[in-house]
Each structure stands twice: as C-alpha cells, then as structure tokens.
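Colleague:
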Amino acid sequence: MWEQCLIKTVRGTFEVFKKGNGQPVCVTHLYSEYNANGNLFADAFTAHATVYLVNLRGCGNSTDDLSTFNYSMAHTVDDLEAIRLALGFEKWIFAGHSTGGMLALKYAIMYPNSLVHIVAGGLCASSDYMRHSGSIYCTDNPNNQRIKEILAMLGNPESPLEERRAGSKEWSLMSLHHKESYDPMISRPNSGKTMSKRLDYFSYKELPTYDLRPELSHTTTIAYIYCGLHDAQCPHEFSAEAAELMPNATLQTFDESNHFPFIEEEEAFVQFLAGTFN
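As numbered in my numbering, residues 9 to 286 make up the sequence shown, in order.
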C-alpha cells in the first residue's frame with residue numbers, strides 16, 4: 009500500500025500517495041483520482057525512486073477551491089510546483105502517461121529548471137489526434153460512438169456500479185494490443201478513477217485550442233518519450249512528433265503494445281525506465 013500524505017501549499021492542501029526510495033518522482037494524470045492502492049504506471053518507478061502520486065485539484069482529498077484557480081494544464085502545473093516547493097525539492101522528475109504525458113510536456117515548457125527530466129508517453133502535443141482515424145476519439149474511428157457512450161455513462165453519477173465496471177473494461181480492451189493482458193492487469197492493486205469534472209474541463213475548454221508544438225522546440229528539458237506502436241488512443245506518430253520537436257528528447261517505441269506498454273511489455277518497460285535513471 010502507498011502512504012497517504014496531505015501536503016499544505018500556498019495554493020491549497022493536496023493529497024499525495026508516497027512509495028519507494030531514492031530521488032523524487034512526481035506522477036499524476038490530468039483527470040484521475042488515486043487512493044492507497046497506488047497506480048500501475050507509478051509503481052514501475054518505485055524500484056528507483058521515491059514516487060509522489062498526486063491527486064490534483066478536485067480529486068480525492070485535495071483542495072477543490074476554484075475561486076482563483078481552475079483545472080487547466082497551466083494552473084495544474086502551478087499546483088505541482090507548489091507541491092514541489094512545499095516538499096523542499098530543488099528539482100524532481102515528472103512522469104505522466106496519456107493526458108499525464110501531455111501535462112508533462114506543459115511542465116517541461118513552463119518550468120524546465122524545476123525538472124531533472126520528464127518521462128512521458130501515449131501523448132499528443134496538439135488536438136490533432138482527435139481528427140486521426142486511428143484514435144478511438146476521432147469520429148471516423150469505428151469505436152468512437154461506443155467510447156462516447158461509455159464516457160457519458162461514466163460521467164453520470166447515477167450509473168450502476170456493474171455498468172461502470174463493464175464500461176471501464178470495454179474502454180481498457182480497446183486500448184490493449186493483447187487482450188489477454190486485461191486479467192493480469194486488473195488482478196493487481198491499482199487506482200485511477202476518472203474524474204468527470206476534470207475530463208470535461210479538458211475536453212470542452214482546453215482541448216479545442218490545445219497545441220504545444222510551437223513551444224516544444226524551445227524547451228531545454230530532457231525528455232524520455234515512449235509509446236506503443238499500436239496506440240488506439242493517441243496514435244504513435246504523435247509521440248514521435250513530440251520527441252522530434254524537443255531538442256533533448258528521445259523516443260522509445262514498444263512494438264507489441266497499444267496504449268499501455270507498462271502493462272503489455274512490462275519487462276521491456278522496466279528496462280526502459282532503468283535507463284532513464286542512469
């Protein structure tokens with residue numbers, strides 16, 4: 009189990025779950041809520057580091073004060089900076105997957121001097137993935153109508169628990185290259201509940217104009233970018249694009265993975281992570 013901590017900052021109190029030993033690594037996702045079960049992506053870092061798994065504004069027991077701040081990427085990065093300062097770290101590593109990876113890109117742009125490096129994958133530097141037929145979020149994708157139904161159901165607090173579980177499973181299966189990876193995945197302690205209010209903010213307020221590409225070429229942050237070759241959420245070419253744009257980035261491709269290489273190619277992913285700590 010992960011150790012719960014409540015971190016008081018100048019921007020409010022944030023719930024953080026801690027595990028591991030070594031240099032500090034911050035992990036979060038743009039619209040997920042965590043608990044003491046931790047998270048499979050974050051857990052991969054604990055062999056090398058002390059990991060701080062953050063419940064962002066509006067998640068878990070973290071502040072949800074929106075009188076001054078909002079759920080945007082920029083305000084979220086400012087919140088993470090406040091947490092770093094409250095913990096007393098001069099620098100830390102930030103790691104994120106999917107929209108957590110997009111948040112990593114924003115962090116690299118805004119505060120390069122606060123980061124040792126970023127580890128980020130399954131990401132896009134712009135909203136173009138929403139218009140790529142290889143993404144389940146594109147209207148031209150055969151799974152798009154179903155994923156819209158699933159997201160609407162998950163966003164309805166009155167949806168029955170069994171229906172929510174079935175929908176989450178279906179969403180996961182769309183994002184696995186090897187469907188047999190699903191059962192081992194759910195047998196392990198994990199958390200990461202979708203927070204609809206943060207997802208809605210991203211989808212309707214930020215995503216329409218989301219484009220970090222003009223800024224990425226100017227950041228000096230070291231970036232370890234990765235992606236599954238068969239990614240059905242954020243197709244591989246978008247992670248490749250981000251890595252190409254960043255002067256100090258490398259790209260690791262996982263040939264037998266969809267959106268979750270840390271599950272589908274766990275051994276190779278662990279080796280990849282080890283290389284980022286050398």
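Beta carbons: idealized from backbone N, C-alpha and C, even for Gly.
In whole angstroms, what is the alpha-carbon distance linking Glu188 and Ser70?
Modeller: Here residue 188 refers to the residue found at position 180 of the sequence shown. Here residue 70 refers to the residue found at position 62 of the sequence shown. So the two alpha carbons sit approximately 35 Å from each other.
Colleague: Can you name the residues that DSSP bridges to His37?
Modeller: On the sequence shown, residue 37 is found 29 positions in, with the first residue counted as 1. None, per the DSSP bridge assignment.
Colleague: Cα separation between His226 and Tyr218?
Modeller: What you label residue 226 is simply residue 218 of the sequence shown in a count that begins at 1. What you label residue 218 is simply residue 210 of the sequence shown in a count that begins at 1. So the two alpha carbons sit approximately 17 Å from each other.
Colleague: Quick one: what does DSSP say Ser180 is sitting in, helix, strand or coil?
Modeller: Your numbering for residue 180 matches position 172 in the sequence shown. Helix, per DSSP.
Colleague: Mapping the DSSP letters down to three states, classify Ser225 as helix, strand or coil.
Modeller: In the sequence shown, the residue the question calls residue 225 occupies position 217. In the structure shown, Ser225 sits in coil (DSSP, three-state: anything other than H, G, I, E or B).
Colleague: Below 6 Å CB to CB, which residues in the same chain sit around Phe22 once its five sequence neighbours on both sides are set aside?
Modeller: By 1-based counting over the sequence shown, the position of residue 22 is 14. Ile15, Ser70, Ile91, listed in sequence order.
Colleague: So Ser199 packs on Tyr42, CB below 8 Å; how close in whole Å?
Modeller: Here residue 199 refers to the residue found at position 191 when the sequence shown is read from its first residue. Here residue 42 refers to the residue found at position 34 when the sequence shown is read from its first residue. About 5 Å; that satisfies the 8 Å criterion.
Colleague: By DSSP, does Gln12 sit in helix, in strand, or in coil?
Modeller: Within the sequence shown, residue 12 is the residue found at index 4, counting from 1. Residue state, collapsed to three classes: strand.
Colleague: Is Ala82 helix, strand or coil when you go by DSSP?
Modeller: The residue given as residue 82 occupies position 74 in the sequence shown. Note: Ala82 maps to helix in three-state DSSP.
Colleague: Taking DSSP as the reference, what is the three-state secondary structure of Pro120?
Modeller: Reading the sequence shown from its first residue, position 112 is the one you call residue 120. Note: Pro120 maps to helix in three-state DSSP.
Colleague: Please state whether DSSP places Thr217 in a helix, a strand or coil.
Modeller: Position 209 of the sequence shown, counted from the first residue, corresponds to residue 217. In the structure shown, Thr217 sits in a helix (DSSP, three-state: H, G or I).
Colleague: Under the rule that 16 or more other beta-carbon atoms within 10 Å means buried, what is Asp239, buried or exposed?
Modeller: Working through the sequence shown from its first residue, we reach residue 239 at position 231. Buried, since its Cβ has 16 or more Cβ neighbours within 10 Å.
Colleague: Using DSSP bridges, identify the partner residues of Phe22.
Modeller: Within the sequence shown, residue 22 is the residue found at index 14, counting from 1. Answer by DSSP bridge pairing, in chain order: Ile15.
Colleague: For the beta strand (DSSP E) that Tyr232 lies in, which residues bound it at each end?
Modeller: Reading the sequence shown from its first residue, position 224 is the one you call residue 232. Segment 231-236, the beta strand (DSSP E) holding Tyr232.
Colleague: Have a look at Glu11 and Phe25 and give me their C-alpha separation to the nearest angstrom.
Modeller: Numbered from 1 along the sequence shown, position 3 holds the residue referred to as residue 11. Numbered from 1 along the sequence shown, position 17 holds the residue referred to as residue 25. Between Glu11 and Phe25, the C-alpha separation is close to 5 Å.
Colleague: Could you tell me the distance, in whole angstroms, from the CA atom of Gly68 to the CA atom of Ala44?
Modeller: Along the sequence shown, one-based indexing puts residue 68 at 60. Along the sequence shown, one-based indexing puts residue 44 at 36. Their backbone Cα atoms lie some 11 Å apart in a straight line.
Colleague: Tell me the residue span of the alpha helix (DSSP H) that contains Met48.
Modeller: Position 40 of the sequence shown, counted from the start, is the residue given in the question as residue 48. Inspection of the sequence shows that residue 48 is occupied by Leu rather than by Met. 48-51 is the extent of the alpha helix (DSSP H) around Leu48.
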